[in-house]
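Counting in this note's numbering, the sequence shown runs from 6 upward without gaps.
By construction, the Cβ of each residue, glycine as well, lies at the ideal position given by its N, Cα and C atoms.
Taking it in order: structure first as structure tokens, then the write-up.
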Amino acid sequence: MISILIPTYNFDPTQTVRELHAQADELKISFEILIADDDPNSGMAATYQKLNELTNVHAFINPKNLGRRGNRDYLASKARFDFLLFLDEDALICNRNFLKTYLEYAKPNLVVCGGVEYCLNLPDAQKRKLRYSYGIFREVKSASDRNARPYASFITFNFLIPKDIYLQLPIHTEILGYGYEDTMMGYDLKYRFVPVLHIDNAACHSQVDDSVVFLQKTNQALENLSRMIASGKVDDDIKLYKTYSRMQSFGLTLLLRILYSLAGNFLADFLVRNNGPLWLYDVYRLMYLSTIKPEITGPGAWR
């Protein structure tokens, strides 16, 4: 029936695993829960040993680091069932009908995204406000809003996909570490004409990066975006790309680079200290992207 796959990195997913296990038992379905920790030096061995006492739960530590996409692919290759439910390590399940709702939509040629919410009581909330604000105002959307742009709204935080479809998705070598993995998977589904349906069945982000780490990840993501632009793998579905493309057509990217050289570090410090605002965070992203100098020679072409 369903394989629930949770890629982790030195993280304890016990609360989520126990909740999903209880829901699956109540539904009396065939299921398994697989947890793969991608930190070879993880301190979670005892935690996973305890989780493995639950029926149909298999938690293990990878002997070597596979990377974000590699760990997902490894879990998918080990899955026994036809439907894969992927959840990020910090996804909390707050809906007693979470699994039942997904199963109602499980079809052989359909990808289903449940959406994301953000927990209110975060530790050191002030230090995490920039990432939290980005999540609340940019990522939390109703199913109807997400279905207006189903592929552009695709995220890997919480989604159900037929195993045979997932295993056909290509690996993009432009993606190194964090950033735009969701975007590329959305494109892969779009250009393979695989329907994506968004429903209101959110999981809750329980961990949010502090502002310093979030900006570091932002830079890493923009470097991925630059490589994707160079490969011709993006189009105007990415709003940042669309804005950057327009600015390049008017010869304004040089100005962005000059502004970054003069004020980039100050702006980064300001964003960390003041946790936003988001419009200034967008300006920072455009400025940083300009320093990587992705040259847009025409409309995005899928390869």
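Under 8 Å: do the region 129-143 and the region 155-173 share three or more Cβ pairs, one atom per stretch?
Using a Cβ-Cβ distance cut-off of 8 Å, the region 129-143 and the region 155-173 are not in contact, since fewer than three pairs of beta carbons, one from each stretch, lie closer than that value.
Find out if the Cβ-Cβ distance for the pair Phe-65, Ile-7 is shorter than 7 Å.
Here residue 65 corresponds to residue number 60 of the sequence shown, with the count starting at 1. Here residue 7 corresponds to residue number 2 of the sequence shown, with the count starting at 1. Their beta carbons are not under 7 Å apart, which means Phe-65 does not touch Ile-7 by this criterion.
Once you ignore the five residues that flank Asn-224 on each side, which residues in its own chain have a CB closer than 7 Å to its CB?
Numbered from its first residue, the sequence shown carries residue 224 at position 219. Excluding sequence neighbours, Asn-224 sits near Tyr-293.
Would you grab the beta carbon distance between Leu-104 and Ala-207 for me? Rounded to a whole angstrom, and I think it's under 8 Å.
Here residue 104 corresponds to residue number 99 of the sequence shown, with the count starting at 1. Here residue 207 corresponds to residue number 202 of the sequence shown, with the count starting at 1. About 13 Å separates the two Cβ atoms, so there is no contact after all.
By the three-class DSSP mapping on this structure, what secondary structure does Asp-93 have?
As a position in the sequence shown, residue 93 is number 88, starting the count at 1. Coil, per DSSP.
Cα-Cα, which of Ser-147, Val-288, Arg-23 is closest to Arg-101?
In the sequence shown, counting from the first residue as 1, residue 101 sits at position 96. The candidate whose alpha carbon is nearest that of Arg-101 is Arg-23.
Determine the closest residue to Pro-282 out of Ser-138, Asp-93, Gly-75, with distance taken between C-alpha atoms.
Position 277 of the sequence shown holds residue 282. Looking at the Cα atoms, Ser-138 is the closest of the given residues.
Between which two residues does the alpha helix (DSSP H) holding Val-116 run?
Numbered from 1 along the sequence shown, position 111 holds the residue referred to as residue 116. It is not in any alpha helix (DSSP H) - Val-116 instead sits in the beta strand (DSSP E) that spans 116-118.
Could you tell me how far apart the beta carbons of Asp-95 and Ser-211 are, in whole angstroms, since I believe they sit closer than 8 Å?
Reading the sequence shown from its first residue, position 90 is the one you call residue 95. Reading the sequence shown from its first residue, position 206 is the one you call residue 211. Rounded, the Cβ-Cβ distance is 5 Å, consistent with contact.
In terms of DSSP beta bridges, what is Phe-36 paired with?
Looking up residue 36 in the sequence shown gives position 31. Looking at the DSSP assignment, Phe-36 forms a beta bridge with Ile-7.
Shortest alpha-carbon distance to Val-121 belongs to which of Val-213, Glu-144, Lys-83, Cys-99?
Here the question's residue 121 lines up with position 116 in the sequence shown. Of the listed residues, the one whose Cα sits closest to Val-121 is Glu-144.
If you count every other CB in all the chains shown that lies within 10 Å of the CB of Leu-181, and 16 or more means buried, which is it?
Position 176 of the sequence shown holds residue 181. When all chains shown are included, Leu-181 counts as exposed.
Decide if Pro-12 is buried, meaning its Cβ has at least 16 other Cβ atoms within 10 Å, or exposed.
Reading the sequence shown from its first residue, position 7 is the one you call residue 12. Buried, since its Cβ has 16 or more Cβ neighbours within 10 Å.
Roughly how many angstroms separate the alpha carbons of Leu-90 and Asn-270, rounded to a whole number?
Here residue 90 refers to the residue found at position 85 of the sequence shown. Here residue 270 refers to the residue found at position 265 of the sequence shown. Using only the alpha carbons, I get a separation of about 40 Å.
Going residue by residue through the region 133-179, where are the continuous alpha helix (DSSP H) segments of at least 4 residues, counting only ones entirely within it?
134-139, 148-153, 168-173
I need the DSSP call for Glu-122, collapsed to helix, strand or coil.
Translated into positions along the sequence shown, residue 122 becomes position 117. It is a strand residue.
In terms of alpha-carbon separation, which member of Ile-170, Leu-227, Ala-153 lies closest to Ala-81?
For this step, residue 81 is matched to residue 76 along the sequence shown. Out of Ile-170, Leu-227, Ala-153, Ile-170 has the C-alpha closest to the C-alpha of Ala-81.
Identify every residue that forms a DSSP beta bridge with Phe-88.
In the sequence shown, residue 88 corresponds to position 83, counting from 1. Phe-88 is bridged to Ile-7, Pro-167.
Within the chosen definition, does the region 145-152 reach the region 60-77 through at least 3 CB pairs nearer than 8 Å?
no
Would the C-beta of Leu-283 count as close to the ligand MN, meaning under 6 Å from any of its heavy atoms?
For the ligand MN, the structure offers nothing, since it holds no ligand at all.
Give the straight-line distance between the Cα atoms of Phe-16 and Ser-254, rounded to the nearest whole angstrom.
By 1-based counting over the sequence shown, the position of residue 16 is 11. By 1-based counting over the sequence shown, the position of residue 254 is 249. If you take the alpha carbons of Phe-16 and Ser-254, they lie about 45 Å apart.
Less than 8 Å between the CB atoms is what I'm expecting for Arg-136 and Asp-214, so what's the real figure, rounded?
Counting from 1 along the sequence shown, the entry for residue 136 is found at position 131. Counting from 1 along the sequence shown, the entry for residue 214 is found at position 209. Correct: roughly 5 Å between the Cβ atoms.
Given this structure, state the Cα-to-Cα distance separating Asp-205 from Gly-256, to the nearest angstrom.
As a working note, residue 205 is residue 200 in the sequence shown. As a working note, residue 256 is residue 251 in the sequence shown. C-alpha of Asp-205 to C-alpha of Gly-256: approximately 42 Å in a straight line.
For Phe-65, which three-state DSSP category applies?
In the sequence shown, the residue the question calls residue 65 occupies position 60. The DSSP-derived three-state label of Phe-65 is strand.
Here's a check: name, in chain order, each residue in its chain whose Cβ is nearer than 8 Å to the Cβ of Tyr-53, leaving out the five neighbours to either side.
The count along the sequence shown starts at 1 and reaches residue 53 at position 48. Excluding positions up to five away in sequence, the list reads Ile-40, Asp-42, Ala-64, Phe-65, Ile-66.
Starting from Ala-235, trace the alpha helix (DSSP H) both ways and give me its first and last residue.
Here residue 235 corresponds to residue number 230 of the sequence shown, with the count starting at 1. Here the alpha helix (DSSP H) through Ala-235 covers 216-235.
Does DSSP put Ala-81 in a helix, a strand or coil?
Residue numbering aside, residue 81 sits at position 76 when the sequence shown is read from its first letter. If DSSP states are grouped into helix, strand and coil, Ala-81 belongs with the helices.
Going by DSSP, which residues form a beta bridge with Leu-259?
As a first step, residue 259 is located in the sequence shown; it is residue number 254 there, counting from the start. Note: Leu-259 sits in no beta bridge, so no partner.
Below 7 Å between beta carbons: does that hold for Ala-268 and Leu-220?
On the sequence shown, residue 268 is found 263 positions in, with the first residue counted as 1. On the sequence shown, residue 220 is found 215 positions in, with the first residue counted as 1. No, these two residues do not count as a Cβ contact at 7 Å.
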